[in-house]
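K.L.:
Numbering (UniProt numbering), first residue to last: 1 to 251.
Note that CB positions come from ideal geometry on N, CA and C, so glycine has one too.
Now the structure itself:
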């Protein structure tokens, strides 16, 4: 009896796993798929793919075009996706990534959001081997004098930047970056400034986007220039930003 029950439970779990695989195939496809292509990508027989797809169609998780017979995600799957995206807080996702990064590299790692006054630090994590005490939660950063400011400028409307610039003293905000610099930030996926505000230190920043493709926040690191080069801080930060974007539903 116990063996039979265990077998049934195992079979049920396996069925859910296989169904999830078919849903993942539909989600990753560029468009509707014919049954044969679904089976090929799932590495199953056509009859197996047909049974699972029909079950998913009945539950509204998949949909089948009456004319072509092609399969795509169904209304229930789309509804689940939309609700899941609404529950994702990109700042919290980015914060978890920066907390992890701070434990891996000798740098202070943080998250900044955009406010009417400019980039504002909302999360800040210190590494035991490097702790920058001049930055604290709630600090507003210069619009034109920091890597964070450059990243926000590269992805926000000019009107928002201009409004914040007016609220920052000229001596604080710095010099406005040229357009080609912002183009480079967009192309490279982030910005960095070495020995700019503080001697021997480097500041790096990268954007995190939400499901709508909008910049939700900026992740940033501060560390010694030589340490950053030796440990590959730029690549680590940019990779963390890309992962946070994916986890937030962004592209």
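1) Let me know if residue 53 comes out buried or exposed under the rule of 16 or more other beta-carbons within 10 Å of its beta-carbon.
2) In chain order, what are the residue ranges of uninterrupted beta strand (DSSP E) at least 3 long that sit wholly in the stretch 172-248?
3) Does the separation of the CB atoms of residue 97 and residue 219 fall below 8 Å?
4) Taking the alpha carbon of residue 111 as the point to measure from, which residue in 99, 170 and 213 has its own alpha carbon closest?
5) Could you pull out every residue in the same chain whose Cβ sits closer than 6 Å to the Cβ of residue 155, ignoring the five residues on either side in sequence?
6) Can the beta-carbon of residue 189 be found closer than 8 Å to that of residue 238?
7) Can you tell me whether residue 110 is helix, strand or coil according to DSSP?
8) Would you list the residues sitting across from residue 62 in a DSSP beta bridge?
9) Which same chain residues end up closer than 6 Å to residue 140 when comparing Cβ atoms and leaving out the 5 residues on each side of it in sequence?
10) When you compare each of 58, 46, 55 and 72 to residue 256 by their alpha carbons, which one comes out closest?
11) May I have the straight-line CA-CA distance separating residue 242 from residue 144, to the nearest angstrom?
12) Starting from the C-beta of residue 122, find all residues in its chain whose C-beta is less than 6 Å away, skip the five residues before and the five after it, and write them out in chain order.
13) Any idea which residues DSSP pairs residue 126 with across the strands?
14) Give me the residue from 59, 37 and 244 with the minimum Cα distance to residue 70.
15) Relative to the C-alpha of residue 175, which candidate in 160, 157, 187 and 147 has its C-alpha closest?
P.N.:
Checking against the coordinates, here is how it stands:
1) Taking the chain shown and counting its residues from 1, one reaches residue 53 at position 53. Counting Cβ neighbours within 10 Å, residue 53 comes out buried, since at least 16 surround it.
2) Scanning the stretch 172-248 from its first residue to its last, the whole beta strand (DSSP E) runs of 3-plus residues come out as 191-194, 201-209 and 215-224.
3) Numbered from 1 along the chain shown, position 97 holds the residue referred to as residue 97. Numbered from 1 along the chain shown, position 219 holds the residue referred to as residue 219. Yes, they are a contact pair.
4) Along the chain shown, one-based indexing puts residue 111 at 111. Taking residue 111 as reference, the option from 99, 170 and 213 with the minimal CA-CA separation is 99.
5) Residue numbering aside, residue 155 sits at position 155 when the chain shown is read from its first letter. Cβ neighbours of residue 155 beyond the five flanking positions: 207 and 215.
6) To locate residue 189, count along the chain shown from 1; it is residue 189. To locate residue 238, count along the chain shown from 1; it is residue 238. Yes, these two residues count as a Cβ contact at 8 Å.
7) If you number the chain shown from 1, residue 110 lands on position 110. Looking at residue 110 - three-state DSSP - the assignment turns out to be strand.
8) In the chain shown, the residue the question calls residue 62 occupies position 62. Note: residue 62 is bridge-paired with 73 in the DSSP secondary-structure output.
9) Taking the first residue of the chain shown as position 1, residue 140 is located at position 140. Spatial neighbours of residue 140 in its own chain (CB-CB distance under 6 Å, excluding positions within 5 residues in sequence) are listed in chain order as 117, 118 and 120.
10) Because the chain spans 1 through 251 in this model, residue 256 falls outside it and cannot be assessed.
11) On the chain shown, residue 242 is found 242 positions in, with the first residue counted as 1. On the chain shown, residue 144 is found 144 positions in, with the first residue counted as 1. Answer to the nearest angstrom: the Cα atoms are 24 Å apart.
12) The residue given as residue 122 occupies position 122 in the chain shown. The answer, listed in chain order, is 111 and 113.
13) Translated into the one-based positions of the chain shown, residue 126 becomes position 126. The beta-bridge partner set that DSSP reports for residue 126 is empty.
14) Numbered from its first residue, the chain shown carries residue 70 at position 70. With distances taken between CA atoms, residue 70 lies nearest to 37 out of 59, 37 and 244.
15) The residue given as residue 175 occupies position 175 in the chain shown. Answer by Cα proximity: 147.
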